[in-house]
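Visitor: Under this note's numbering, the sequence shown is numbered contiguously, ending at residue 959.
The structure under discussion is supplied below as structure tokens; questions concerning it will follow.
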Amino acid sequence: MEKRKEEKEEIMTLEVVCPKCGYKKIIYAPKEKIPKCPKCGTQMMISEILTEGKYY
């Protein structure tokens with residue numbers, strides 16, 4: 904029998920922010936691409952890589 908190598912993609916949790924209006928969103932990379940801001944249409948930027956829970 905031939906063994907199949909399981910390739911596991913590491914999913915990272917990222918916080919992205921709009922540089923123009925400050926809108927924030929949490930995405931999961933590489934499943935999702937970095938989106939455009941739903942409020943103003945500007946390309947969002949990575950603000951923080953989330954490794955643990957975040958409290959506000």
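All C-beta atoms in this analysis are idealised placements derived from N, C-alpha and C, irrespective of residue type, glycine included.
All of these numbers come straight from a predicted model, not from anything done at the bench.
Taking its Cβ as the centre, do 16 or more other Cβ atoms sit within 10 Å of M948, making it buried, or is it exposed?
Guide: For the purposes of this step, residue 948 is taken as residue 45 along the sequence shown, with counting starting at 1. The residue in question, M948, is exposed, as its Cβ has fewer than 16 Cβ neighbours within 10 Å.
Visitor: Exposed or buried, which one is C943 when buried takes at least 16 other CB atoms within 10 Å?
Guide: Sequence index remark: in the sequence shown, residue 943 carries index 40 (1-based). When all chains shown are included, C943 counts as exposed.
Visitor: Between the C-alpha atoms of K954 and T916, what's the straight-line distance to the nearest angstrom?
Guide: Indexing the sequence shown from 1 puts residue 954 at position 51. Indexing the sequence shown from 1 puts residue 916 at position 13. Rather than Lys, the amino acid found at residue 954 in this sequence is Thr. Taking the straight line from one Cα to the other gives about 7 Å.
Visitor: So K928 and P938 are in contact, right, with Cβ under 8 Å, and what is the actual spacing, rounded?
Guide: By one-based count along the sequence shown, residue 928 stands at place 25. By one-based count along the sequence shown, residue 938 stands at place 35. Contact holds; Cβ gap of about 7 Å.
Visitor: With a Cβ-Cβ cutoff of 8 Å, do C951 and E918 count as a contact?
Guide: In the sequence shown, counting from the first residue as 1, residue 951 sits at position 48. In the sequence shown, counting from the first residue as 1, residue 918 sits at position 15. Contrary to the premise, residue 951 reads as Glu rather than Cys in this sequence. Yes, they are a contact pair.
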